[in-house]
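Trainee: A single structure is presented below for examination.
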């Protein structure tokens, strides 16, 4: 048939106007003889244009028509143009679901199920679906009948006859009827097994909650009992065979495809446990072994198939266990762990398209609701619902969630679930990914009623709703707590004080009464400060709860706010600088040291909002600031007060950066290179202490001699100070050296040098609000018995005549840190031949070093200390690694320039590069040294005082674990890992240090 050009152009335009994207192909389909009787009917074109994908709907219609016999074809077409309900339903399904179009092409007469439009047809229940599946006698016929029922359900959905909640409930009812039909087929196939046992099928997950997706695993648990007189073992074997057969009937792929997977992995012990258990076996497991997440899953348990009495007994028996889960010993750490979104396993290129697991996804809403149900459901039966939306409504009505927040979450959840339904309906595939293809996005948007610019409108709405969920996900836990204490909206239902305390306790607060007092102080009133803090606190409380010590975090925030609350920039900083509030929460709740430093000068909180604020200042920058401040000060004490204030501020900067890098934030994951973290802390603290010593030296000199001391004077860093490896609680190990200026007697020079040292020490230890810096000179020649300071000539004479091997070893860490630079270089030139002796160490010297190390291990270990957990002197700890590295430096430093460094990790890497130690052994030693150093840093951060072993207090050791990257409840794993890593290091030390390897 030839079409005139004008008509083609007119048809082309008309098809475009009705939403076709390929009008040429549509025109050809409409020109087929099979559609001759309706092609000119404007009603058909209008109806096609109203579908989600007119092109897809038309192709599907042609396939059905062509599959019908000629007589049936005309009946279909006549009904299509005269009966609007059928027209809307059939074309609506065809435009939204390619998979159901395929089904209708294989079973064309199934369109007739869409003709009826009675009131009872609008809300079918399980019984209606059971009637629809009644003729199914095998897996294939069950699949066909299931698709036929699904067809009517999807038709009501796409036409808007049912809303999201009704559709999800109908899908769950259809699943229930299908499970019953599959079980009936399995029983018919094995009547002896059916006669031997009672078997109940309990739905879990979305099926149990009557909120199922179009394509989702149907989670179940099987409960079995022997019938009267039957042997229990044989009965359970029979029940297991029936259950397995039922699962296969639903899950296997046949010529008619598959229905859905039946997943029984939520059963006790998961896939490792028996498929079917007796009721008593279930209860024994739940009472003794079950984890919190298992009780969370049981929230949705609902008996759906098999023996109804046994199923009801199971649900009734587990219910008290579910609603008592919040009283379990490990509930709080389990909750803290579960509250973290598990996105690690989602590929990076998919996370932004994940409707379910991504940030602001469906899982966030479902988890938040379920957790609140567990916390408050033990005392409020109105919350006992398996449906997310029903439970959310009950939470709002009970005041457990703010009504406005609940309304926004309800709207967002409905929209996101509707997106998920339409995405799955297209090909009836289990997916939670938003498509990338524009045609798919267009169909998806149109299916949700967006017609002007469906792709743009859909993306905008999706992002908006995900943003709402992301914002409210944590907030709904904490907003009602503020409403409970702020008392600003009398008409609003609010948490009682008891309910608020219960929620705080469930979220990890050890003293909920005190926490409520802090909240009341922070949020009550009508001031701008209170209003801003009411906005901030819901999020802050979540971050505090994510730490090892939420109470300390909240108390610290109150103290900082009391000190700075009237300062405009402080509240503006927390409100407007996205990272500042989270950084502050991490710092305040991770231990004592950082908050103590902050409380002494709360204005340092500004560091947390500066993008460069957490970057350590260089030594040159610090010295410039400190020496300039000393120059402006009127006397030595005021000068060093400023110096120590700078040190306190920079210690806070370093501790904050360390904590935030170790914990991570929502936008920046935790630092994975732990060695880099340790190096940054060691360098920052060492540079800071060097600048502090330089400032104290300048202040002491200026107070008595003006700009010039009668003798040239240098401070040599030793130990960790010289090695750039200081931890937060380390003393400053030093040597002092001087050289009299021309015309100055040795006595006068020595007197001046000793006076300066005494004054420096006094100034740095004056009792003030700032942490003192202790200067330790015990590594000097002759130790405490020797003079505090020597001339360079005196050092030379001593080392030439009296030097012991341990002193040469100590000098491996010597590095000038303050004072006369030329004198410092001369000192290093003097000691280099001692620490890197030509041709290395003789056998006697090596033997002496080993003897000293063994003696130190036996004599210096504190009484009662666990040698497997002592970071400094214990097995595979800092001392083991450092002595091993230092022995290699003294043996080979004369020949290997890379070994001539004061830094342990650098020297170890150089030894490996020079093939003095195998790479695997070097890695083992490095890992142990980094871990031991991090533990020492963690102990100081958590306790506020130094320590060489893990704390005994449970909360403190948990905080150390969090700093090291362990989830709540995994302290045992942390200690096991520490012992394992250091045990391996000790094996290397035994071979490389004590053994024959040289």
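Numbering (my numbering), first residue to last: 610 to 1607.
No residue lacks a Cβ here, since even glycine has one placed at the ideal position from N, Cα and C.
#1: By the DSSP assignment, the alpha helix (DSSP H) with residue 681 in it spans what residues?
#2: Just the Cα atoms here: how many angstroms apart are residue 779 and residue 720?
#3: Do the CB positions of residue 1486 and residue 1531 come within less than 9 Å of each other?
#4: Candidates 1250, 768, 1481: which alpha carbon is nearest residue 1339's?
#5: Evaluate residue 706 with the Cβ neighbour count: other Cβ atoms within 10 Å of its Cβ, from every protein chain shown; 16 or more gives buried, anything less gives exposed.
#6: With distance defined between alpha-carbon atoms, name the residue in 1144, 1164, 1143 nearest to residue 1153.
#7: Can we say the stretch 990 to 997 touches the stretch 1071 to 1086, given the rule of at least three CB pairs closer than 8 Å?
#8: Considering only residues of the same chain and omitting the five flanking positions on each side of residue 785, which have a CB-CB separation below 6 Å?
#9: Assuming residue 1325 is part of the beta strand (DSSP E), what are its boundary residues?
#10: Quick one: Cα of residue 1203 to Cα of residue 1261, how far?
#11: If the criterion is Cβ atoms closer than 9 Å, does the pair residue 871 and residue 845 meet it?
#12: Can you give me the C-alpha to C-alpha distance between residue 1407 and residue 1433, rounded to a whole angstrom?
#13: Does the stretch 664 to 677 come within contact of the stretch 637 to 647, defined as at least 3 CB pairs closer than 8 Å?
#14: If contacts are defined as beta-carbon pairs under 8 Å, then residue 827 and residue 919 qualify, I think. What distance do you get, rounded to the angstrom?
#15: Would you check if the distance between the CB atom of residue 1429 and the CB atom of residue 1348 is smaller than 9 Å?
#16: Mapping DSSP to helix, strand and coil, what is residue 1010?
#17: Leaving out five residues on either side along the sequence, give the residues of the same chain with a beta carbon under 7 Å from the beta carbon of residue 1257.
#18: Just the Cα atoms here: how many angstroms apart are residue 1308 and residue 1248?
#19: In angstroms with no decimal places, state the Cα-to-Cα distance between residue 1362 and residue 1228.
#20: Evaluate contact between the stretch 1341 to 1356 and the stretch 1392 to 1402, counting only Cβ atoms and requiring at least three cross-stretch pairs below 8 Å.
#21: When we look at the beta-carbon of residue 1373 and count the other beta-carbons within 10 Å, is it buried (16 or more) or exposed?
#22: DSSP three-state call for residue 1101: helix, strand or coil?
#23: CB-CB under 7 Å to residue 1414, same chain, minus the five flanking residues each way: which ones, in chain order?
#24: Could you check what DSSP says for residue 1177 in three-state terms: helix, strand or coil?
#25: If you draw a straight line from the C-alpha of residue 1595 to the C-alpha of residue 1495, how long is it?
#26: Determine the DSSP secondary structure at residue 1038, reduced to helix, strand or coil.
#27: Does DSSP put residue 768 in a helix, a strand or coil?
#28: What are the boundary residues of the beta strand (DSSP E) that includes residue 1632?
#29: Given this structure, state the Cα-to-Cα distance separating residue 1121 from residue 1586, to the nearest angstrom.
#30: What are the residues that DSSP puts in a beta bridge with residue 1385?
#31: Looking at C-beta atoms only, is the number of pairs between the stretch 1231 to 1243 and the stretch 1571 to 1584 that lie closer than 8 Å three or more?
#32: I'd like to check one pair, residue 981 with residue 1004: are the Cβ atoms closer than 9 Å?
#33: To which residues of the same chain is residue 860 closer than 8 Å at the C-beta, ignoring the five residues directly before and after it?
#34: Going by C-alpha distance, which of 763, 917, 750, 711 is nearest residue 811?
#35: DSSP three-state call for residue 868: helix, strand or coil?
#36: Can you check the stretch 769 to 850 for any beta strand (DSSP E) of at least 3 residues that lies completely inside it and give the ranges in chain order?
Mentor: So, to answer that:
#1: Sequence index remark: in the chain shown, residue 681 carries index 72 (1-based). Per DSSP, residue 681 belongs to the alpha helix (DSSP H) from 679 to 691.
#2: For this step, residue 779 is matched to residue 170 along the chain shown. For this step, residue 720 is matched to residue 111 along the chain shown. When only Cα atoms are considered, residue 779 and residue 720 end up about 20 Å apart.
#3: To locate residue 1486, count along the chain shown from 1; it is residue 877. To locate residue 1531, count along the chain shown from 1; it is residue 922. Going by C-beta atoms, residue 1486 is not nearer than 9 Å to residue 1531.
#4: Looking up residue 1339 in the chain shown gives position 730. Answer by Cα proximity: 1481.
#5: Sequence index remark: in the chain shown, residue 706 carries index 97 (1-based). Looking at its Cβ environment, which holds 16 or more other Cβ atoms inside 10 Å, residue 706 is buried.
#6: Stepping through the chain shown from its first residue, residue 1153 is reached at position 544. Closest option to residue 1153, Cα to Cα, is 1164.
#7: no
#8: Here the question's residue 785 lines up with position 176 in the chain shown. Result list for residue 785: 735, 913, in chain order.
#9: Stepping through the chain shown from its first residue, residue 1325 is reached at position 716. Segment 1320 to 1326, the beta strand (DSSP E) holding residue 1325.
#10: The residue given as residue 1203 occupies position 594 in the chain shown. The residue given as residue 1261 occupies position 652 in the chain shown. C-alpha separation (whole angstroms): 6 Å.
#11: Residue mapping note: residue 871 aligns to position 262 of the chain shown, counting from 1. Residue mapping note: residue 845 aligns to position 236 of the chain shown, counting from 1. No; because the gap between Cβ atoms is not below 9 Å, this pair is not in contact.
#12: Residue numbering aside, residue 1407 sits at position 798 when the chain shown is read from its first letter. Residue numbering aside, residue 1433 sits at position 824 when the chain shown is read from its first letter. Approximately 18 Å between the Cα atoms of the pair.
#13: Short answer: they touch.
#14: Numbered from 1 along the chain shown, position 218 holds the residue referred to as residue 827. Numbered from 1 along the chain shown, position 310 holds the residue referred to as residue 919. With a Cβ gap of about 19 Å, residue 827 and residue 919 do not count as contacting.
#15: Locating residue 1429 in the chain shown gives position 820, counting from the first residue. Locating residue 1348 in the chain shown gives position 739, counting from the first residue. The answer is yes: Cβ separation under 9 Å.
#16: Position 401 of the chain shown, counting from 1, holds the residue named residue 1010. Here residue 1010 sits in coil by DSSP.
#17: Start at 1 with the first residue of the chain shown, and residue 1257 comes out as number 648. Once the five neighbours on either side are set aside, the close Cβ partners of residue 1257 are 1206, 1209, 1210, 1379, 1380.
#18: In the chain shown, counting from the first residue as 1, residue 1308 sits at position 699. In the chain shown, counting from the first residue as 1, residue 1248 sits at position 639. So the two alpha carbons sit approximately 6 Å from each other.
#19: For the purposes of this step, residue 1362 is identified with residue 753 of the chain shown, where counting begins at 1. For the purposes of this step, residue 1228 is identified with residue 619 of the chain shown, where counting begins at 1. Rounded to the nearest angstrom, the two C-alpha atoms are 24 Å apart.
#20: yes
#21: Within the chain shown, numbered from 1, the residue matching residue 1373 stands at position 764. The residue is buried, with at least 16 neighbouring Cβ atoms inside 10 Å.
#22: The sequence position of residue 1101 within the chain shown is 492, counting from 1. Its pLDDT being 48, under 50, residue 1101 is placed unreliably in this model, and the coordinates cannot settle the point.
#23: For the purposes of this step, residue 1414 is taken as the residue at position 805 of the chain shown. Closer than 7 Å at the Cβ level, and outside the excluded window around residue 1414, lie 1454, 1457, 1458.
#24: For the purposes of this step, residue 1177 is identified with residue 568 of the chain shown, where counting begins at 1. Three-state result, residue 1177: helix.
#25: Taking the first residue of the chain shown as position 1, residue 1595 is located at position 986. Taking the first residue of the chain shown as position 1, residue 1495 is located at position 886. Each residue's Cα considered, the two are about 16 Å apart.
#26: Taking the first residue of the chain shown as position 1, residue 1038 is located at position 429. Three-state result, residue 1038: coil.
#27: Within the chain shown, residue 768 is the residue found at index 159, counting from 1. Secondary structure at residue 768: coil, using DSSP grouped into helix, strand and coil.
#28: In the structure displayed, the chain extends from 610 to 1607; residue 1632 sits before or after that span and is not available.
#29: Mapped onto the chain shown, residue 1121 falls at position 512. Mapped onto the chain shown, residue 1586 falls at position 977. Approximately 34 Å, taken between the alpha carbons.
#30: Position 776 of the chain shown, counted from the first residue, corresponds to residue 1385. In the DSSP output, where bridge partners are listed per residue, residue 1385 has 1342.
#31: No, the stretch 1231 to 1243 does not touch the stretch 1571 to 1584.
#32: In the chain shown, the residue the question calls residue 1004 occupies position 395. In the chain shown, the residue the question calls residue 981 occupies position 372. A contact, by the Cβ cut-off of 9 Å.
#33: Start at 1 with the first residue of the chain shown, and residue 860 comes out as number 251. Hits under 8 Å: 867, 868, 869, 870, 871.
#34: Within the chain shown, residue 811 is the residue found at index 202, counting from 1. The shortest Cα separation from residue 811 among 763, 917, 750, 711 belongs to 917.
#35: Translated into positions along the chain shown, residue 868 becomes position 259. Of the three classes helix, strand and coil, the one that applies to residue 868 here is coil, per DSSP.
#36: 806 to 812, 827 to 835
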